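Trainee: Supplied in structure tokens, the structure appears directly below.
In the working numbering, the protein residues as written are -3 to 300.
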């Protein structure tokens, strides 16, 4: 082999090696750039529900501050939240005017609505001094709800006292709610009576309470209780309250003991456009759980 041929082969070998190294480097750089590049938005096949989905801070969000509530609800595509009293969010009547304005601004500046405030007051007591006190404390809570930008307050009956005629207790609760309904109307707040408590969670009794209240600003928070299936059965019980349902609490949607698909389709058919709130247990991976909850909520409406 002459010297010129040897030189050619050496040059070619070096060139091919350099080209190979350059190609490898270019491939790696291209891979790195693609990894850095934002991924294209994925298509969504979910339909739009006429209702809104939120969560109650009891129980899954009881240890979340406001920033965490907003972050997790936004990530899970939940529309809003009901802040139940006594939880870590700290939105209580003890807040100053400036602190209330800050809470209102933080939610207004986010994609998550402060949709409801959840009180723990009830009005079935036989102690009339305590009853008056609870009504006045509820009014303070209604003012708080207005100040932080909520649209309503959840209240509840919590049982039937022994030795008192049932109808008398139902009337007392209803009259208390009428007073609160009038007060709430002047502060832009609905009064949402949770269908709750031993005896008072029976739909027939809840309806009587609302009949005694007899105020357009007082309605029900349907609570998805097993007692909804008692008496005249689920269909008639739902029909008895459907025109007065302001909000809804949902338990775990996987529970086969309750007709959740029927509830959601019936709400939609009735023209309900309010909030259905997830009231579900804590989780080590809450956002993932909330995403699954939302998927089933959509699927039960035929939207996914």
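Built from N, CA and C at the ideal position, the CB exists for glycine as well. Keep in mind the model is a prediction, meaning the values are calculated, not measured.
Give the straight-line distance between the Cα atoms of residue 138 and residue 208, rounded to the nearest whole angstrom.
Mentor: Numbered from its first residue, the chain shown carries residue 138 at position 142. Numbered from its first residue, the chain shown carries residue 208 at position 212. For residue 138 and residue 208, the distance between alpha carbons rounds to 21 Å.
Trainee: For residue 158, is the classification buried or exposed, using 16 other Cβ atoms within 10 angstroms of its Cβ as the cut-off for buried?
Mentor: Counted from its first residue, the chain shown places residue 158 at position 162. Flag for residue 158 reads exposed.
Trainee: Considering only residues of the same chain and omitting the five flanking positions on each side of residue 190, which have a CB-CB separation below 6 Å?
Mentor: Translated into positions along the chain shown, residue 190 becomes position 194. Here the set comprises 150, 152, 217, 219.
Trainee: Report the residue from 167, 79, 135, 297 whose alpha carbon sits nearest the alpha carbon of residue 177.
Mentor: Start at 1 with the first residue of the chain shown, and residue 177 comes out as number 181. The shortest Cα separation from residue 177 among 167, 79, 135, 297 belongs to 135.
Trainee: By the three-class DSSP mapping on this structure, what secondary structure does residue 286 have?
Mentor: Indexing the chain shown from 1 puts residue 286 at position 290. In the structure shown, residue 286 sits in a helix (DSSP, three-state: H, G or I).
Trainee: Determine the direct distance from the alpha carbon of residue 36 to that of residue 235, and round the result to whole angstroms.
Mentor: Position 239 of the chain shown, counted from the first residue, corresponds to residue 235. Position 40 of the chain shown, counted from the first residue, corresponds to residue 36. One C-alpha to the other measures close to 46 Å.
Trainee: If you count every other CB in all the chains shown that lies within 10 Å of the CB of residue 133, and 16 or more means buried, which is it?
Mentor: Walking along the chain shown from the start, residue 133 turns up at place 137. Exposed is the call here.
Trainee: Helix, strand or coil for residue 293, going by three-state DSSP, please let me know.
Mentor: Counted from its first residue, the chain shown places residue 293 at position 297. Helix at residue 293.
Trainee: Could you give the distance in angstroms between the alpha-carbon of residue 237 and the alpha-carbon of residue 213?
Mentor: Residue numbering aside, residue 237 sits at position 241 when the chain shown is read from its first letter. Residue numbering aside, residue 213 sits at position 217 when the chain shown is read from its first letter. Their backbone Cα atoms lie some 15 Å apart in a straight line.
Trainee: Give the DSSP-derived three-state secondary structure of residue 112 in the structure shown.
Mentor: Here residue 112 refers to the residue found at position 116 when the chain shown is read from its first residue. Under the three-state reduction of DSSP output, residue 112 falls in the strand class.
Trainee: Are the C-beta atoms of residue 168 and some chain C residue less than 8 Å apart?
Mentor: In the structure shown, chain C cannot be found, because there is only a single protein chain.
Trainee: Helix, strand or coil for residue 204 per DSSP?
Mentor: Counted from its first residue, the chain shown places residue 204 at position 208. Residue 204: helix per DSSP, three-state reduction.
Trainee: Name the DSSP beta bridge partners of residue 273, please?
Mentor: Position 277 of the chain shown holds residue 273. According to DSSP, which records beta bridges pairwise, residue 273 is partnered with 50, 245.
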